[in-house]
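Going down the list, the protein sequences come from chains A and B.
Taking this note's numbering, I'd label the letters of the first sequence as residues 1 to 339.
Taking this note's numbering, I'd label the letters of the second sequence as residues 1001 to 1339.
Beta carbons are placed, not taken as given, at the ideal position from N, Cα and C, and that holds for glycine.
Quick notes on the structure that follows.
Number of protein chains: 2
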Amino acid sequence: MAVTIKDIAKKVGVSPSTVSRVVNGNALISKETRDKIFAAMKEMDYHPNSLARNLANGSTYAIGLVIDARDDNTFSNAFFNRSVYAIETVLQQHGYNLLITNDREDENCSPVEKLILEKRVDGVILPSSSVTQKLINLLRKNDFPFIILGEPEIEKDETSWVDVDNLLGGEMAVKHLLGQGYRSIAFILENQATVFARNRVQGYRKALGENGCGVNTDYIIDCKGNCEAAYGAVRELASSQDKPEAVLCANNVIAYQVLRALRDSLMSVPEDMAVMSFDNYPFAEYMDPPLSVVDVDTFRLGEQAATDLIKKIQNADYENQQTMIATELILRESTKRKK
Amino acid sequence: MAVTIKDIAKKVGVSPSTVSRVVNGNALISKETRDKIFAAMKEMDYHPNSLARNLANGSTYAIGLVIDARDDNTFSNAFFNRSVYAIETVLQQHGYNLLITNDREDENCSPVEKLILEKRVDGVILPSSSVTQKLINLLRKNDFPFIILGEPEIEKDETSWVDVDNLLGGEMAVKHLLGQGYRSIAFILENQATVFARNRVQGYRKALGENGCGVNTDYIIDCKGNCEAAYGAVRELASSQDKPEAVLCANNVIAYQVLRALRDSLMSVPEDMAVMSFDNYPFAEYMDPPLSVVDVDTFRLGEQAATDLIKKIQNADYENQQTMIATELILRESTKRKK
DNA sequence: TAGATTTATGCAAACGGTTGCATAAAAAGA
DNA sequence: TCTTTTTATGCAACCGTTTGCATAAATCTA
């Protein structure tokens, strides 16, 4: 068996409590004993058992990050990864561990519920897609600290969450395009049913409105989940007499389809039509032409979530807070100024 | 405070041990008491406290997955993500939790060492890039079960690891190209210093050798970590009189650069030169032309690692085992049969 | 120098479970 | 009917720490 606090105590000739106090940096222990205990700990290679410690402290020093397994995308989403990395970094700085769990449907008790009920973690970070009323109620009932990643569909004012400022993103993109001289702008999105898509559209409309441009609803194209449909939509758009001067894409797959459609329509970018996209994925700069994109500091997203959660854990009456991470533009060839 | 085993015991009028036995499915309890206890548990919404349980059992029911933070790629690597997902899935099936930690350098005690020494987890899965002799020694000294993800540089015969069969991958790719009628094949790789690159080259050489083709060492091009260098290399290759008929790329960035270089050299793919790549990334099928790739079932990779680790945990003298996950070919336009 | 403080340490009860051993009651065997 | 066996349960120690309270020793105060 591993060496315990009692072994150290015996070796030095003090009580376990004294050793415990030294381990925890209690000031009341004389320098002399402290030194002896430290020496013994080093010699016997003592390391406190986290389970015992946590049981006594009533804390796990772990937090759970929930991944929505139904969303095949999430885990393979480079975007999300930076956030996870940030979360782990912050937690580690505060002495917490990161526990990852998939949110699978389960008859009686889902893995997430288990985490909470069996007190395996001190708090959870959950994606807005797994926020259900049932889960929220459970969390509240157990006084369980939690932070939502992404603006939730429900309880948005009564929960803490962190999201990308998608409205701002849509707005910035459109303003940039207008500033470059493009007067009519289409927006091709993945699925209008999501909160973030709606927010982006709102930003798009806002920017157009502020510049006195009307919104042509024909220019808002919803792929309804099938991003490859963007190809057909753009081919059609390209052959109409009333084509937009620029197109904004909700993600990289759409952007790729748009570029392909324009090439096949013998239109050049940005001369015949400018293209801009959300999601700064690694390939954006390799595209032909390199794509201007709305970027998001996803590290900050995770960092903010983790920091907020730790504050909540350490201070029970920390107030709910909603944070938007500002978007940034990365400008490349695909939106060069219109001549 | 939460309801404990004692509360249930009191309510039903039995001892805590009886409740414990019911919770753990001990057969010796009469159906009558069992039913009463279950009823009470439901009524009082009892859930065993994992910390207490684990302390008593001397087990954490968690395993640690180490991520190499120095490798900026890993976390954003879609490839790796599927493995993580697989690992989590297997662990969950066995009642284990997944704890993720970054392997940061640290003066005295790295996060990974801490995990082990403080017994926060029952075993670890580590990337070959964080396998050091020091860590191996620590693991051995503590009888700590571990599995390595990727063939390690050291101790490869005395440890358990799971890796992609890169030799086979190189071999399959070359055999496919030869079968399609391409007689001379270049191989552009990221960095020959890595084990997996060396294995791929070995497979490449093997396939050429078996087909009686000599290996032209000028055709093995090492980008030395800078994948964008592939562009220049291919432009040069394209203008030489002795150009290969096909080129195999070690990853998607190289493949992208190669396609770009060929396009800029006014060569068409596959007519003038076939292109094939490792790494089936989502964009491979959208490339122009769609890329043939060597694919790997990364889910299986993680699954195997997790399964092996659990076996090791549950059976201390489970023997070391090295598993190679077979590669598969996904054939698209870029390697169409040469006319 | 006696009493009040301060400093340093130990005792023992928690934290919430598990489990070997003892034992009472019930069932089976002779 | 009296053992023997089986079945069902309780007792108490244990897992490795933490911590409130008690207390002895050392230092200070008047």
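Chain-order list of residues whose beta-carbon lies under 6 Å from that of residue i (same chain, five-residue window excluded)
| i | result |
| --- | --- |
| residue 295 (chain A) | 280, 328 and 330 |
| residue 178 (chain A) | 211 |
| residue 233 (chain A) | 221 |
| residue 202 (chain A) | 167 |
| residue 3 (chain A) | 44 and 46 |
| residue 306 (chain A) | 87, 90 and 91 |
| residue 187 (chain A) | 204, 220 and 248 |
Residue i, buried or exposed, once every other Cβ within 10 Å from all chains shown has been counted against 16
| i | result |
| --- | --- |
| residue 1326 (chain B) | exposed |
| residue 169 (chain A) | buried |
| residue 1134 (chain B) | exposed |
| residue 1171 (chain B) | buried |
| residue 1242 (chain B) | exposed |
| residue 74 (chain A) | With a pLDDT of 48 at residue 74 (chain A), under the threshold of 50, the predicted position of this residue should be treated as unreliable, though the coordinate-derived value follows. Classification of residue 74 (chain A): buried, given that the 10 Å Cβ count is 16 or more. |
| residue 1076 (chain B) | Its pLDDT being 47, under 50, residue 1076 (chain B) is placed unreliably in this model, and the value from its coordinates should be taken loosely. By the 10 Å Cβ count, residue 1076 (chain B) comes out buried. |
| residue 1006 (chain B) | exposed |
| residue 1209 (chain B) | exposed |
| residue 119 (chain A) | buried |
| residue 150 (chain A) | buried |
| residue 40 (chain A) | buried |
| residue 68 (chain A) | buried |
| residue 312 (chain A) | buried |
| residue 334 (chain A) | buried |
| residue 1103 (chain B) | buried |
| residue 284 (chain A) | buried |
| residue 1337 (chain B) | exposed |
| residue 173 (chain A) | buried |
| residue 223 (chain A) | buried |
Residues near residue i in its chain [Cβ-Cβ closer than 8 Å; skip 5 each side]
| i | result |
| --- | --- |
| residue 183 (chain A) | 213 and 245 |
| residue 1096 (chain B) | 1061, 1062, 1063, 1122 and 1310 |
| residue 1136 (chain B) | 1154, 1155 and 1159 |
| residue 9 (chain A) | 15, 16, 18 and 19 |
| residue 267 (chain A) | 238 and 273 |
| residue 1048 (chain B) | 1005 and 1023 |
| residue 34 (chain A) | 22 |
| residue 148 (chain A) | 125, 126, 127, 128, 131, 159, 160, 161 and 162 |
| residue 196 (chain A) | 150, 151, 163, 164 and 166 |
From the options, residue whose alpha carbon lies closest to that of residue i
| i | options | result |
| --- | --- | --- |
| residue 1013 (chain B) | B:1024, B:1028, B:1026 and B:1036 | B:1036 |
| residue 303 (chain A) | A:26, A:89 and A:32 | A:89 |
| residue 180 (chain A) | A:117, A:267, A:271 and A:252 | A:271 |
| residue 1114 (chain B) | B:1306, B:1144, B:1085 and B:1093 | B:1144 |
| residue 1216 (chain B) | B:1223, B:1010, B:1204 and B:1225 | B:1204 |
| residue 265 (chain A) | A:250, A:287, A:248 and A:240 | A:240 |
| residue 191 (chain A) | A:219, A:208, A:175 and A:226 | A:226 |
| residue 1269 (chain B) | B:1332, B:1140, B:1193 and B:1110 | B:1332 |
| residue 206 (chain A) | A:193, A:223, A:224 and A:185 | A:185 |
| residue 106 (chain A) | B:1109, B:1101, B:1108 and B:1092 | B:1092 |
| residue 1315 (chain B) | B:1297, B:1108 and B:1146 | B:1146 |
| residue 298 (chain A) | A:163, A:112, A:250 and A:50 | A:163 |
| residue 50 (chain A) | A:23, A:38 and A:104 | A:23 |
| residue 1317 (chain B) | B:1031, B:1273, B:1140 and B:1066 | B:1140 |
| residue 1198 (chain B) | B:1032, B:1250 and B:1260 | B:1250 |
| residue 1125 (chain B) | B:1108, B:1083, B:1142 and B:1110 | B:1083 |
| residue 235 (chain A) | A:263, A:32 and A:116 | A:263 |
| residue 1065 (chain B) | B:1085, B:1057 and B:1052 | B:1085 |
| residue 1278 (chain B) | B:1142, B:1189, B:1193 and B:1219 | B:1189 |
| residue 1218 (chain B) | B:1193, B:1057, B:1011 and B:1247 | B:1247 |
| residue 300 (chain A) | A:57, A:287 and A:81 | A:81 |
Chain-order list of residues whose beta-carbon lies under 7 Å from that of residue i (same chain, five-residue window excluded)
| i | result |
| --- | --- |
| residue 1165 (chain B) | 1324, 1325, 1326 and 1327 |
| residue 1321 (chain B) | 1160 and 1308 |
| residue 260 (chain A) | 231 |
- Complete alpha helix (DSSP H) runs within the segment 228 to 304 of chain A (minimum length 4 residues, chain order): Counting whole runs of 4 or more residues, the segment 228 to 304 of chain A contains the alpha helix (DSSP H) stretches 229 to 239 and 252 to 264.
- Task: Could you tell me whether the segment 97 to 114 of chain A touches the segment 149 to 165 of chain A, using the rule of 3 or more Cβ pairs below 8 Å?
- Result: Output reads no: the segment 149 to 165 of chain A does not touch the segment 97 to 114 of chain A.
- Query: Does the segment 1248 to 1268 of chain B come within contact of the segment 1282 to 1292 of chain B, defined as at least 3 CB pairs closer than 8 Å?
  - Reply: Note that the segment 1248 to 1268 of chain B touches the segment 1282 to 1292 of chain B; at least 3 beta-carbon pairs, one per stretch, sit closer than 8 Å.
- Message: Quick check on the DSSP output: what are the complete alpha helix (DSSP H) runs of length 4 or more inside the segment 1135 to 1179 of chain B, in order along the chain?
- Response: Entirely contained in the segment 1135 to 1179 of chain B, the alpha helix (DSSP H) runs reaching 4 residues are, in chain order, 1166 to 1179.
- Item | Complete alpha helix (DSSP H) runs within the segment 1002 to 1090 of chain B (minimum length 4 residues, chain order) | Whole alpha helix (DSSP H) segments, 4+ residues: 1005 to 1012, 1016 to 1023, 1031 to 1044, 1050 to 1057 and 1072 to 1076.
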